[in-house]
Amino acid sequence: MLEAAKYVENYCDAIDINFGCPQNIAKSGHYGAYLQDNLSLMSQLVSTLHHNLHIPVTAKFRKQTDIQQTIRIAEMLEQSGAQVICIHGRTREQKGMDLGHSDWECIRIVREHVHVPFISNGSILCKEDVVNCLNYTKADAVMCGDECLRMRLQSFELYSDLRNRLGEAKSYDELEQIVDQLEERLRSGAEPQPHYQRHKTDYIDQGDLMDGVNLFDEQIQFQ
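In this note's numbering, the protein residues as written are 15 to 237.
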């Protein structure tokens with residue numbers, strides 16, 4: 015891992031170790047969230063990069079079924095040299111149809127034990143979720159993956175009035191009227207991106223989202 019990190023350290027601002035991937039390929043390869051069974055190895059990976067790179071090392075992991083074990087992992091990552099810690103509020107078993115809501119209560123508790131910039135991950139579907147998550151967990155920032163790439167943050171803001179009306183609709187006619195208005199807005203040029211396109215970063219290189227990312231980057235001032 016250090017050899018790979020050395021290849022890119024002059025071309026990026028930080029190296030992030032993802033201890034959070036729950037996919038079967040990570041299980042078969044014994045990486046991602048499946049490294050969480052070996053805290054000693056996790057610590058060694060973070061520490062090795064921290065002491066041999068001139069850029070910061072950050073780490074993301076997933077909650078455990080035991081809150082105390084989750085806290086221990088967060089504290090270990092910080093002590094090993096992680097300069098930003100991100101926690102996904104779901105276990106590695108929570109995926110696919112068993113996704114469930116991200117455990118913001120767990121994230122809030124873990125946050126109290128971390129003294130480096132701290133990021134909450136999971137269940138961020140719209141702008142209101144960002145505000146609610148930050149207020150509840152006291153995290154310094156949120157991480158949002160798929161929903162950002164789908165541009166739902168912008169879409170929900172543009173069409174929040176229609177979204178609210180959709181939830182209050184009581185008849186088929188009301189639903190049809192809302193759909194008609196949505197189609198008209200799309201035709202007028204305010205078209206959200208409807209399809210997921212992997213690594214399509216130009217979708218998020220605009221508006222308040224990137225302003226927020228840049229502000230967070232300035233505030234944490236990696237040490």
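Even glycine gets a Cβ: it sits at the ideal position worked out from N, Cα and C.
| task | Quick one: measure Cβ to Cβ for P36 and G46, integer angstroms, because I've assumed they're closer than 8 Å. | result | Counted from its first residue, the sequence shown places residue 36 at position 22. Counted from its first residue, the sequence shown places residue 46 at position 32. Indeed, because the Cβ distance is near 7 Å, the residues count as touching under 8 Å.
Report task. Report yes or no: do the segment 81–97 and the segment 48–61 share at least 3 C-beta pairs separated by less than 8 Å? Result -> yes
> Going by the CB atoms, is the gap between T72 and A96 shorter than 8 Å?
Replying inline: Residue mapping note: residue 96 aligns to position 82 of the sequence shown, counting from 1. Residue mapping note: residue 72 aligns to position 58 of the sequence shown, counting from 1. Cβ atoms of A96 and T72: closer than 8 Å.
Straight-line CA distance for L113 to L189?
The sequence position of residue 113 within the sequence shown is 99, counting from 1. The sequence position of residue 189 within the sequence shown is 175, counting from 1. L113 and L189 have their alpha carbons spaced roughly 28 Å apart.
In its own chain, which residues sit with a C-beta less than 7 Å from the C-beta of A19, not counting the 5 before and 5 after it? Taking the first residue of the sequence shown as 1, we reach residue 19 at position 5. Excluding residues within five positions, the ones whose Cβ falls inside 7 Å are I29, L63 and L67.
Which same chain residues end up closer than 7 Å to G159 when comparing Cβ atoms and leaving out the 5 residues on each side of it in sequence?
The residue given as residue 159 occupies position 145 in the sequence shown. Correct list: empty, nothing qualifies.
Mind checking which residues open and close the beta strand (DSSP E) that includes K74? Stepping through the sequence shown from its first residue, residue 74 is reached at position 60. Unbroken beta strand (DSSP E) run through K74: V71 to R76.
- [ ] Give me the Cα-Cα distance between K77 and Y48, rounded to the nearest whole angstrom.
- [x] Stepping through the sequence shown from its first residue, residue 77 is reached at position 63. Stepping through the sequence shown from its first residue, residue 48 is reached at position 34. When rounded, the distance between both Cα atoms is 12 Å.
Candidates V145, R106, V128 and Y21, of which the one nearest D80 by Cα: For the purposes of this step, residue 80 is taken as residue 66 along the sequence shown, with counting starting at 1. Considering only alpha carbons, the answer is R106.
Is L63 close to chain D, meaning its C-beta is less than 8 Å from at least one C-beta of that chain? The chain labelled as chain D is not found in the depicted structure, where only one protein chain is given.
Restricting to Cα atoms, I'd like to know which of R104, D143, Q191 and Y150 is closest to E126.
Looking up residue 126 in the sequence shown gives position 112. E126 has its Cα closest to that of Y150, out of R104, D143, Q191 and Y150.
Just confirm the distance between the C-beta atoms of D154 and I133, as a whole number of angstroms; I'd bet it's less than 8 Å.
One-based indexing of the sequence shown puts residue 154 at position 140. One-based indexing of the sequence shown puts residue 133 at position 119. With 8 Å as the limit, D154 and I133 qualify as a contact, their Cβ atoms being about 7 Å apart.
Problem - G34 versus S116 - alpha carbon distance - result: The residue you call residue 34 lines up with position 20 of the sequence shown. The residue you call residue 116 lines up with position 102 of the sequence shown. In a straight line, the C-alpha of G34 is about 13 Å away from that of S116.
Check: How is N52 classed by DSSP in three states: helix, strand or coil?
Finding: Here residue 52 corresponds to residue number 38 of the sequence shown, with the count starting at 1. Of the three classes helix, strand and coil, the one that applies to N52 here is coil, per DSSP.
Using three-state DSSP, classify D80 as helix, strand or coil. Here residue 80 refers to the residue found at position 66 when the sequence shown is read from its first residue. Three-state DSSP puts D80 in coil, outside helix and strand.
Pick from E23, S57 and K74: whose alpha carbon is nearest that of I31? Reading the sequence shown from its first residue, position 17 is the one you call residue 31. Here the closest residue by C-alpha is K74.
| message | With distance defined between alpha-carbon atoms, name the residue in Y25, N24 and L59 nearest to L16. | response | Counting from 1 along the sequence shown, the entry for residue 16 is found at position 2. Of Y25, N24 and L59, the residue nearest in Cα terms is L59.
Cα separation between N38 and N135? Start at 1 with the first residue of the sequence shown, and residue 38 comes out as number 24. Start at 1 with the first residue of the sequence shown, and residue 135 comes out as number 121. Their Cα atoms are separated by approximately 20 Å.
Compute the Euclidean distance between the alpha carbons of E23 and V124, then round it to the nearest angstrom. Walking along the sequence shown from the start, residue 23 turns up at place 9. Walking along the sequence shown from the start, residue 124 turns up at place 110. Computed Cα separation, rounded: 29 Å.
query: Secondary structure at A183, three-state DSSP: helix, strand or coil?
result: Here residue 183 is taken as the residue at index 169 of the sequence shown, counted from 1. Here A183 sits in coil by DSSP.
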